[in-house]
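Following: one structure in structure tokens, then a few remarks.
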Amino acid sequence: MWKNTIAIIGSNVNAVIFATRAKALNIKTICFAWNNCLDAKDVVDKFYLTDVLEPDKVVDICKKENIQGVLCATESALYDTACIASRLGLVCNSVEVAKNVTNKFYVRNNTNDLQFIKTPKYFIVCDDDNFDIDQIKKYPVIIKPVRSTAKKGITVVYSNNEVEAALDYACSSVTNNDGILVEEFLADGDEYSVESLSFNGKHHVIQITNKISSGPPHCIELEYHQGNVLNDDMHSKVVSAINELLTKLGITFGPCHTEIKIIGDKIYLIELNARMGGGGISYPLTELSTGYPYISAILLCSLNIFLPPPQNNYKGSEKYAGIYYVVKQNEYLKSILNNCDREEWFFKKEVNNAPLVEVTTNYERKNWFMYLSDHKIKF
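In UniProt numbering, the protein residues as written are 1 to 379.
Spelled out as structure tokens, the structure:
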């Protein structure tokens with residue numbers, strides 16, 4: 001007998017993670033998918049596939065199935081998920097918030113006056129047809145779609161001569177009319193992401209991840225490390241920054257994956273994503289390093305149930321966990337990838353036997369290995 005039933009909007013790898021954990025919690029899952037995305041088809045308890053997501057039909061089915069919670073598995077469906085949950089009277093971020101938080105320009109415009117977290121010094125929105133290059137006052141800048149994920153369509157440019165190609169590349173990744181964001185590129189400092197969970201407007205930092213990227217021009221993320229990646233003082237500053245940021249943007253329920261850069265003692269906002277982090281960050285790394293069942297907490301949150309994290313969770317971790325993605329840019333790791341399963345720190349790996357290629361988005365990373373240890377594993 002099922003305890004509860006939730007709807008999962010989307011059928012990607014996140015949907016598989018949600019559905020697998022739901023089974024362990026005796027929660028029934030009904031998945032709504034479109035565009036022939038079938039990843040979760042054999043994992044969920046019921047599966048509905050349509051050409052496009054049709055919220056009206058989803059709501060009708062949810063009522064018949066006595067759905068008690070709605071989860072979004074893909075960022076592109078955040079708005080529709082909020083509409084569906086709202087019409088069902090279930091907990092969720094407001095429809096307006098869900099519509100706006102995927103827009104990088106909106107987020108910039110509404111967070112440039114915060115105390116604990118800063119934004120790049122200048123930013124403009126344009127499209128390829130009416131962009132005046134004289135608007136760029138100083139290089140380097142980063143050019144990217146207003147709505148995108150996984151580093152898709154982004155380029156760091158250092159001169160006027162590089163702008164046109166970067167705009168064309170960004171436009172090739174645009175699926176709507178929101179345009180292109182051009183902003184200061186913060187070349188210094190270290191990159192981090194913050195996994196959080198909000199419940200009734202209160203925000204809880206679950207884990208902080210140190211990110212190592214390939215650098216310009218496309219800044220592909222190559223390494224993630226969790227553990228004691230910040231000292232206590234900076235941890236506290238990050239917690240204050242995330243609380244301030246999510247409150248300002250109206251986030252009330254669910255996970256967020258916030259990308260930041262720390263330069264000296266200042267915290268800068270790179271991007272906010274009102275979803276769990278991908279690429280292994282939220283699962284399994286966050287659960288491995290903290291011992292907190294983050295995925296379970298996200299599922300329960302959709303049912304209006306709060307699973308409190310340990311009070312000192314953000315101050316440190318039980319263990320160190322991380323992932324190395326192996327691509328052409330760091331091919332020196334190929335031998336480690338091939339032989340790491342004999343190491344004491346080895347947790348999991350995936351190997352694609354095709355030749356390594358230079359990737360331009362996070363979606364293209366096919367080879368990786370994870371570690372779990374009492375210290376950071378470095379090469």
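Backbone N, C-alpha and C define an ideal beta-carbon position, used for all residues, glycine too.
Of all the options 352, 237, 378 and 379, which has the alpha carbon lying nearest to the alpha carbon of residue 368?
Out of 352, 237, 378 and 379, 352 has the C-alpha closest to the C-alpha of residue 368.
Are the CB atoms of residue 16 and residue 33 nearer to each other than 7 Å?
Cβ distance not < 7 Å, so residue 16 and residue 33 don't count as in contact.
Taking 7 Å as the threshold (C-beta atoms), are residue 296 and residue 21 in contact?
Closer than 7 Å, so yes.
Decide if the stretch 111-121 is in contact with the stretch 249-267; the criterion is three or more beta carbon pairs, one per stretch, under 8 Å apart.
Output reads yes: the stretch 249-267 touches the stretch 111-121.
Which class does residue 235 belong to by DSSP, given the choice of helix, strand or coil?
Correct three-state label for residue 235: helix.
For residue 290, name the three-state secondary structure that DSSP assigns.
Residue 290: helix per DSSP, three-state reduction.
Within 10 angstroms of its Cβ, does residue 77 collect 16 or more other Cβ (buried), or is it exposed?
Result: buried.
When the distance is taken between beta carbons, is residue 242 closer than 7 Å to residue 182?
Their beta carbons are not under 7 Å apart, which means residue 182 does not touch residue 242 by this criterion.
Please report the residue range of the alpha helix (DSSP H) in which residue 86 lies.
Residue 86 -> alpha helix (DSSP H) spans 78-87.
First and last residue of the alpha helix (DSSP H) that includes residue 96?
Start and end: 95-100.
Identify, in the order they occur along the chain, each residue of the same chain with its Cβ nearer than 8 Å to the Cβ of residue 106, setting aside the five sequence neighbours on each side.
These residues qualify, in order along the chain: 100.
Would you mind giving the Cβ-Cβ distance between residue 30 and residue 46, rounded to the nearest angstrom? I have them listed as a contact below 8 Å.
Their Cβ separation, rounded to whole angstroms, is 4 Å, which keeps residue 30 and residue 46 in contact under 8 Å.
If you draw a straight line from the alpha carbon of residue 357 to that of residue 50, how long is it in whole angstroms?
The alpha-carbon atoms of residue 357 and residue 50 are separated by roughly 34 Å.
Roughly how many angstroms lie between the CA atoms of residue 62 and residue 253, to the nearest whole one?
Between residue 62 and residue 253, the C-alpha separation is close to 20 Å.
Below 7 Å between beta carbons: does that hold for residue 323 and residue 280?
Cβ atoms of residue 323 and residue 280: closer than 7 Å.
Pull up the DSSP beta-bridge partners for residue 321, would you.
Paired residues: 226 and 372.
From what residue to what residue does the beta strand (DSSP E) around residue 337 run?
No beta strand (DSSP E) contains residue 337, which is instead part of the alpha helix (DSSP H) from 334-339.
Per the DSSP calculation, residue 255 is bridged to which residue(s)?
According to DSSP, which records beta bridges pairwise, residue 255 is partnered with 197.
How would you write the range of the beta strand (DSSP E) that residue 145 sits in, first residue to last?
Note, residue 145: beta strand (DSSP E), 141-145.
Check whether the Cβ atoms of residue 71 and residue 131 lie closer than 7 Å to each other.
No, Cβ-Cβ distance for residue 71 and residue 131 is not below 7 Å.
Hey, would you say residue 121 sits closer than 7 Å to residue 184, going by beta carbons?
For residue 121 and residue 184, yes; Cβs fall inside 7 Å.
Would residue 355 be called buried (16 or more neighbouring beta carbons within 10 Å of its own) or exposed?
Classification for residue 355: exposed.
Going by DSSP in three states, residue 207 sits in which element: helix, strand or coil?
Strand at residue 207.
Do residue 229 and residue 208 have their beta-carbon atoms positioned less than 7 Å apart in this structure?
Closer than 7 Å, so yes.
On the premise that residue 89 lies in contact with residue 303, defined as a C-beta separation below 8 Å, what is that separation, rounded to the nearest angstrom?
Actually they do not touch by this definition, with Cβ atoms about 13 Å apart.
Do you know offhand how far residue 361's Cα is from residue 220's?
Distance between the alpha carbons of residue 361 and residue 220: 6 Å.
Measuring straight from C-alpha to C-alpha, what distance separates residue 54 and residue 349?
Taking the straight line joining both Cα atoms gives about 37 Å.
Under three-state DSSP, which class holds residue 167?
It is helical.
If you count every other CB in all the chains shown that lies within 10 Å of the CB of residue 344, and 16 or more means buried, which is it?
By the neighbour-count rule (16 or more Cβ atoms within 10 Å), residue 344 is not buried but exposed.
Who are the Cβ neighbours of residue 277 in its own chain at under 7 Å, not counting the five residues just before and after it?
Closer than 7 Å at Cβ, skipping near neighbours: 193, 195 and 257.
For residue 218, count the other beta carbons within 10 Å of its own beta carbon; 16 or more makes it buried, fewer makes it exposed. Which is it?
It counts as buried.
Take residue 94 and list the residues in its own chain whose beta-carbon comes closer than 6 Å to its own, dropping the five residues that flank it on each side.
Excluding positions up to five away in sequence, the list is empty.
Between the alpha carbons of residue 80 and residue 370, how many angstroms are there, rounded?
Cα-Cα distance, rounded: 34 Å.
Please say whether residue 145 and residue 174 have beta carbons closer to each other than 7 Å?
It is a contact, given that the beta carbons lie within the stated cut-off.
For residue 309, count neighbouring C-beta atoms within 10 Å of its own C-beta (all shown protein chains included) and say buried if the count is 16 or more, exposed if not.
Label assigned to residue 309: buried.
Whose C-beta lies closer than 7 Å to the C-beta of residue 135 among residues of the same chain, with five residues either side of it excluded?
Cβ neighbours of residue 135 beyond the five flanking positions: 124.
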